[in-house]
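All residue numbers for the sequence shown refer to the working numbering, where the first residue is 5 and numbers rise by one.
Glycine included, C-beta positions come from ideal geometry on N, C-alpha and C.
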Amino acid sequence: MNIEAVIFDMDGVIIDSEPFNLYEFYCFAQQHGVQVPMQELRKIIGTSHEVTWNYLASWLHLDKNALEMDAYYRQTYQGEPFDVTDFLQPYLKFLLKELKKQNVKLAVASSNDPDIIEHVCKENGIETYFDSIVSGRMFTNSKPDPEIYVYTLNTLGVSADHAIVIEDSKDGIEAAKQAGMKVIAIKDHRYHIDQQKADYLVEDLFEAYQLIASLM
């Protein structure tokens with residue numbers, strides 16, 4: 005396989021933010037007298053903010069749309085401070101450096117907000133590695149729709165058969181597969197995420213590097 009580009013999801017791949025995010029939503033629900041089971045909470049992993057806020061509104065039985073729920077959360081909940089440098093995935097910088105040495109194009113394709121993606125990349129000193137940074141907020145449809153990955157391929161000028169995606173969520177894997185790409189999934193040992201559609205499963209980003217090197 006001639007790999008010309010590697011595309012990264014952010015939450016769960018670049019940063020291990022999902023445990024923190026789930027904890028914050030759990031606490032917010034508790035504040036409203038609602039206990040949300042883990043099997044419900046994990047439904048939001050890998051989804052867009054719109055889907056996340058819609059789930060949260062339904063759990064709390066609030067008649068609010070996604071934008072209203074987002075604003076309500078920010079106005080009424082003060083959670084723990086979130087230092088994105090504490091959550092950077094092990095071996096990420098090593099992987100980025102090694103891929104750049106091979107002149108591989110790199111991109112982020114995340115469902116998160118553009119300002120959050122930019123903040124994560126800048127604070128961790130990795131923004132200069134990426135040739136393209138794409139937010140799901142740019143599109144009508146979120147993952148598992150392949151739109152974000154098709155667009156990212158176009159920005160890189162690379163065909164699907166020469167690109168590989170690193171994901172962790174079911175919706176993200178499905179989106180990348182529908183866009184025609186091979187997918188490496190970082191194994192989930194916490195939330196029972198369905199990753200069976202991934203082409204490859206790895207324990208961490210060092211193993212991802214070894215796999216990509218063997219495919220090039």
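Self-check item: C-alpha gap between H65 and T80, whole angstroms
Solution: 16 Å
Practice problem: Give the single residue among Y153, K174, M142, V17 whose Cα lies nearest to the Cα of Q165. | Solution: Reading the sequence as shown, one finds Asp at residue 165 and not Gln. Of Y153, K174, M142, V17, the residue nearest in Cα terms is Y153.
Quiz prompt | Test item: CB-CB of K104 and Y133 under 9 Å | solution = yes
Quiz item: Counting only runs that start and end within the stretch 53–95, where is the alpha helix (DSSP H) found for 4 or more residues in a row?
Solution: 53–63, 70–80
Quiz item: Which of helix, strand or coil does DSSP assign to V40?
Solution: coil
Practice problem: Assign T144 to buried or exposed, taking buried as 16 or more other Cβ atoms, counted over all protein chains shown, within 10 Å of its Cβ. | Solution: exposed
Quiz prompt | Whole runs of the alpha helix (DSSP H) within the stretch 100–172, excluding any shorter than 4 residues | solution = 118–127, 151–160
Quiz item: Opposite Y195 in the DSSP bridges: which residues?
Solution: BP columns for Y195 are empty, so no partner.
Quiz item: From N6 to M220, what distance separates their C-alpha atoms?
Solution: 5 Å
Quiz item: Between V162 and A180, which are expected to be in contact by the criterion C-beta below 8 Å, what is the C-beta distance as a whole number of angstroms?
Solution: Not confirmed; about 13 Å, so no contact.
Quiz item: Given 8 Å as the limit, is there contact between the stretch 25–36 and the stretch 49–64, that is, 3 or more CB pairs closer than that?
Solution: yes
Quiz item: Is D15 helix, strand or coil when you go by DSSP?
Solution: strand
Practice problem: Return the bridge partner residues of I188 from the DSSP annotation. | Solution: I170, Y204
Quiz item: DSSP on A217, reduced to helix/strand/coil?
Solution: helix
Practice problem: Establish whether the CB of K101 and some CB of chain D are separated by less than 9 Å. | Solution: The structure shown contains no chain D; it is built from a single protein chain.
Exercise. With DSSP collapsed to three states, give me the class of A212.
Key: helix
Self-check item: Supposed close pair D15, N116 - CB separation, criterion 8 Å
Solution: 6 Å
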